[in-house]
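Trainee: There's a structure below that I have some questions on.
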Amino acid sequence: MLTKRLIACFDIINGRVTKAVQFQDNIDVAPADELAESVYHAGIDELIFYDVTASAEKRGIDIETVKKVAKRVFIPFTVGGGIKDLNDMYEALKAGAEKISVDSMAVRNPEIISQGAKAFGSQCVVLSTQVKRTPNNPKFPSGYEVYIDGARLATGMDALEWIKQGQELGAGELCLNSIDNDGTLGGYDLPLMKMAEEQLSIPLIASGGAGIPEHLKSLFTETEALAAIISSMLYSPRLERNYKVSELKSYLLQNGINVRSELS
């Protein structure tokens with residue numbers, strides 16, 4: 038049985054972790070390197086770091102914050118935001134990242150996926166995609182449209198068509214985020230994840246909406262997703278209480294879901 042992964046996802050603004058609801062009204066949480074060290078020692082499996090304003094501001098990724106975080110964690114570390122070309126990928130990897138996430142630039146220049154896969158290996162390239170429901174619109178057969186630039190700009194692209202293209206170009210993983218569910222604490226968009234997995238042979242990371250342990254159980258028992266983003270559950274100031282990584286893993290293990298325990 039494949040081990041399911043729990044991933045902390047940091048939305049970074051000026052070197053600090055923030056938390057938003059549906060990509061709006063970001064609340065400041067903590068310095069990125071300090072929070073990264075905390076979740077690492079708590080037993081998180083991986084960390085994803087998004088410089089969420091880089092693409093919209095048309096600048097490169099905050100490489101100094103990447104370096105600070107990389108010095109404090111010794112788990113798989115993915116970075117994205119403002120990645121424009123192979124040189125940006127190389128600089129992020131040199132700064133300590135293990136994988137590169139491409140999102141807005143991949144939509145604008147899909148060849149960056151294949152170029153990155155060829156240069157660094159498919160396992161190094163994560164396609165991150167933000168999608169929003171578009172019901173009853175014949176232009177979007179899946180019912181979802183792709184958005185970029187921190188979910189600010191609609192692309193006119195159908196979500197499933199795009200993720201299939203991304204896989205064909207060489208992405209090694211897909212991180213799929215529901216804009217509608219993001220930060221709402223109401224659970225993952227399971228119909229979206231089920232549709233996506235039917236099109237994929239690469240690992241699916243589900244993002245957007247987790248608020249209680251039961252949401253993780255539903256994701257892992259009702260879909261084939263191999264990993265889950267759990268940002269709000271760990272540190273959102275909007276929650277009455279935050280969860281420890283250890284209690285989430287204990288809950289999943291008790292419900293027959295294979296995760297890496299603290300003793301493994």
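Going by our numbering, the residue at position 123 of the sequence shown is 160; the numbering climbs one at a time, nothing skipped.
Ideal placement from N, C-alpha and C gives every residue a C-beta, glycine not left out.
Remember, it's a predicted structure, so these values are computed and weren't measured experimentally.
1) So, is Glu277 buried or exposed, given that buried needs 16 or more other C-beta atoms within 10 angstroms?
2) In this structure, how does DSSP classify Asn124 when only helix, strand and coil are distinguished?
3) To which residues does DSSP link Asp65 through a beta bridge?
4) Take Ala132 as the anchor and find which of Thr115, Phe177 and Asp219 has the nearest alpha-carbon.
5) Ignoring anything shorter than 3 residues, give me the beta strand (DSSP E) runs that lie fully in the region 152-237, in order along the chain.
6) From Met194 to Val183, what distance separates their C-alpha atoms?
7) Determine which residues share a DSSP beta bridge with Val296 and list them.
8) Identify which residue in Asn174, Gln167, Ala134 and Gly180 has its Cα closest to the Cα of Leu190.
9) Considering only residues of the same chain and omitting the five flanking positions on each side of Ala69, which have a CB-CB separation below 8 angstroms?
10) The beta strand (DSSP E) that contains Ile137, what's its start and end?
11) Among Asn146, Ala196, Thr90 and Ala188, which one has its Cα closest to the Cα of Pro172?
12) How would you write the range of the beta strand (DSSP E) that Glu83 sits in, first residue to last?
13) Please identify the residue among Ala57, Asp65, Ser75 and Glu71 whose C-alpha is closest to the C-alpha of Val282.
14) If we ignore side chains and look at the alpha-carbon of each, how far apart do Val139 and Pro175 end up?
15) Quick check on the DSSP output: the beta strand (DSSP E) that includes Thr115 runs from which residue to which?
16) Quick one: any contact between the region 213-233 and the region 144-159, if contact means 3 or more CB pairs under 8 angstroms?
17) Check the DSSP bridge columns for Ala143 and list the partner residues they point to.
18) Between the Cα of Val89 and the Cα atoms of Ala73, Asn63, Asn279 and Gly118, which residue gives the shortest distance?
19) Taking the alpha-carbon of Tyr272 as reference, which of Ala57, Thr40 and Lys169 has the nearest alpha-carbon?
Mentor: On the basis of the data shown:
1) With fewer than 16 Cβ atoms within 10 Å of its Cβ, Glu277 is classed as exposed.
2) In this structure, DSSP gives Asn124 a helical state, which the three-state scheme calls helix.
3) Partner(s): Thr55.
4) Checked all of Thr115, Phe177 and Asp219; the closest Cα to Ala132 is Thr115.
5) Qualifying beta strand (DSSP E) stretches, in chain order: 162-170, 181-185, 190-195 and 210-215.
6) If you take the alpha carbons of Met194 and Val183, they lie about 6 angstroms apart.
7) Under DSSP, Val296 shares a beta bridge with Lys41.
8) The option with the nearest alpha carbon to Leu190 is Gln167.
9) Closer than 8 angstroms at Cβ, skipping near neighbours: Phe47, Ile49, Gly52, Arg53, Val54, Phe86, Thr102, Lys105 and Val106.
10) First-last of the beta strand (DSSP E) with Ile137: Lys136 to Val139.
11) Answer by Cα proximity: Ala196.
12) Per DSSP, Glu83 belongs to the beta strand (DSSP E) from Glu83 to Asp88.
13) Nearest to Val282 by C-alpha distance, out of Ala57, Asp65, Ser75 and Glu71, is Ser75.
14) The straight-line gap from Cα to Cα measures roughly 27 angstroms.
15) Start and end: Phe114 to Gly117.
16) Not touching, per the Cβ criterion.
17) DSSP output for Ala143 lists no bridge partner at all.
18) Per the Cα distances, Gly118.
19) Of the candidates Ala57, Thr40 and Lys169, the one whose C-alpha sits nearest the C-alpha of Tyr272 is Ala57.
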